[in-house]
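Residue numbers (this note's numbering): -13 to 234.
From the three backbone atoms N, C-alpha and C, an ideal C-beta is built for every residue, glycine too.
Quick notes on the structure that follows.
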């Protein structure tokens, strides 16, 4: 979220640009703090317009225009594919009417096909691997390094895990190349990166659909799967650590 600052324009709960985040400056991290600390001031976001424009170059790109020419955050929210996918899933799950559940599933599948088609009609975008190999990859690694140092200062060990978004895994080869780039950055800064995507790529589509709520948010079953995967990784780390101590 520190890197993908567009997120607070596309999802509920991400209030504009008020989340603190980091930027890479001269090989280190620079903290961009929120313009206020009191929750009540979320109602006065217009007072902090200068802060948003100064610290978020994406500000003007994520307000869709209405038919009468006015910018609308709500309209952009409805245009977001993750939003629609979540709406269709909830209708399919919660509706008391079988015909409405069937309609919602048809619309969700049609929406997903449209999502795959639209990138082919737009200008060519950078791949995940290209993005990860540049400044965003370094930012990811530096944040992981900061997190590891913070954990060590509190007597704990940090574990940096890549939990991919569904849309980012539509091209498995590009995703794998992205993780390789991130691992190189992390290794340069002394951090080990674990990839949960490896476990997800091996699943069939039906199981994957049951595990994923939307974006990188998992269902109850998906979180159980993630917890079991993490437990195995931690067991392996524990065995490796004990072997190192015994060898030493």
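Margin query: Whole angstroms are fine: how far does the CA of residue 10 sit from the CA of residue 177?
Written below: One C-alpha to the other measures close to 17 Å.
Notebook entry, point to check: Apart from the five residues on each side of it in sequence, which residues of its chain come closer than 7 Å, Cβ to Cβ, to residue 118?
Noted result: Hits under 7 Å: 164, 167, 168.
Item checked: Cα-Cα separation, residue 6 to residue 35 -> Straight-line Cα distance between these residues: approximately 16 Å.
Note to self: Is the separation between the beta-carbon of residue 87 and that of residue 76 shorter than 8 Å?
What the structure shows: It is not a contact, given that the beta carbons lie outside the stated cut-off.
Note to self: Buried or exposed for residue 129, going by 16 or more other Cβ atoms inside 10 Å?
What the structure shows: The residue in question, residue 129, is buried, as its Cβ has 16 or more Cβ neighbours within 10 Å.
Notebook entry, point to check: Do the region 210 to 227 and the region 132 to 151 touch if we need at least three Cβ pairs shorter than 8 Å?
Noted result: Three or more Cβ pairs drawn from the region 210 to 227 and the region 132 to 151 lie within less than 8 Å of each other, which places the two stretches in contact.
Note to self: List, from N- to C-terminal side, the alpha helix (DSSP H) runs of 4 residues or more that fit wholly inside the region 151 to 206.
What the structure shows: Secondary structure within the region 151 to 206: the alpha helix (DSSP H) runs of 4 or more consecutive residues, fully enclosed, are 158 to 174, 183 to 187, 191 to 197 (chain order).
Next item on the list: Could you spell out the range, first to last residue, of the beta strand (DSSP E) harbouring residue 16?
Entry: From DSSP, the beta strand (DSSP E) with residue 16 extends over 14 to 18.
Item checked: Exposure of residue 201, with buried meaning 16 or more beta-carbon neighbours within 10 Å -> In summary, residue 201 is buried, with 16 or more beta-carbon neighbours lying within 10 Å of its beta-carbon over all protein chains present.
Notebook entry, point to check: Taking just the CA atoms, how far does residue 189 sit from residue 225?
Noted result: Rounded to whole angstroms, residue 225 and residue 189 show a C-alpha spacing of 27 Å.
Next item on the list: Select from 182, 221, 219 the residue whose C-alpha is nearest the C-alpha of residue 208.
Entry: Closest by alpha carbon: 182.
Checklist line | Rounded separation between residue 91 and residue 38 - CA only | finding: About 38 Å.
Check: Does the distance from the C-beta atom of residue 175 to that of residue 127 stay below 8 Å?
Finding: The answer is yes: Cβ separation under 8 Å.
Next item on the list: With distances taken Cα to Cα, identify the nearest neighbour of residue 170 among 156, 158, 122.
Entry: Measuring from the Cα of residue 170, the nearest candidate turns out to be 122.
Item checked: Backbone secondary structure at residue 24 - three-state DSSP -> In the structure shown, residue 24 adopts coil according to DSSP, grouped into three states.
Next item on the list: Have a look at 162, 73, 138, 193 and flag the residue whose alpha-carbon is nearest the alpha-carbon of residue 180.
Entry: A check of alpha carbon separations from residue 180 across 162, 73, 138, 193 identifies 162 as the nearest.
Next item on the list: Please name the residue, chosen from 25, 21, 30, 27, that lies closest to residue 41 on a Cα-to-Cα basis.
Entry: Comparing Cα-Cα distances from residue 41 to each of 25, 21, 30, 27, the minimum goes to 21.
Check: Is it right to say residue 142 is buried, meaning 16 or more other beta carbons lie within 10 angstroms of its own, or is it exposed?
Finding: Around the CB of residue 142, fewer than 16 other CB atoms lie within 10 Å, so the residue is classed as exposed.
Item checked: Bridge-paired residues (DSSP) for residue 9 -> Partner(s): 16.
Next item on the list: Note down the Cα distance separating residue 70 from residue 94, rounded to an integer number of angstroms.
Entry: It is roughly 8 Å from the alpha-carbon of residue 70 to the alpha-carbon of residue 94.
Note to self: Whole angstroms are fine: how far does the CA of residue 18 sit from the CA of residue 8?
What the structure shows: The straight-line gap from Cα to Cα measures roughly 6 Å.
Notebook entry, point to check: From which residue to which residue does the alpha helix (DSSP H) around residue 113 run?
Noted result: Looking at the DSSP string, residue 113 is not in any alpha helix (DSSP H), and its letter there is neither H nor E.
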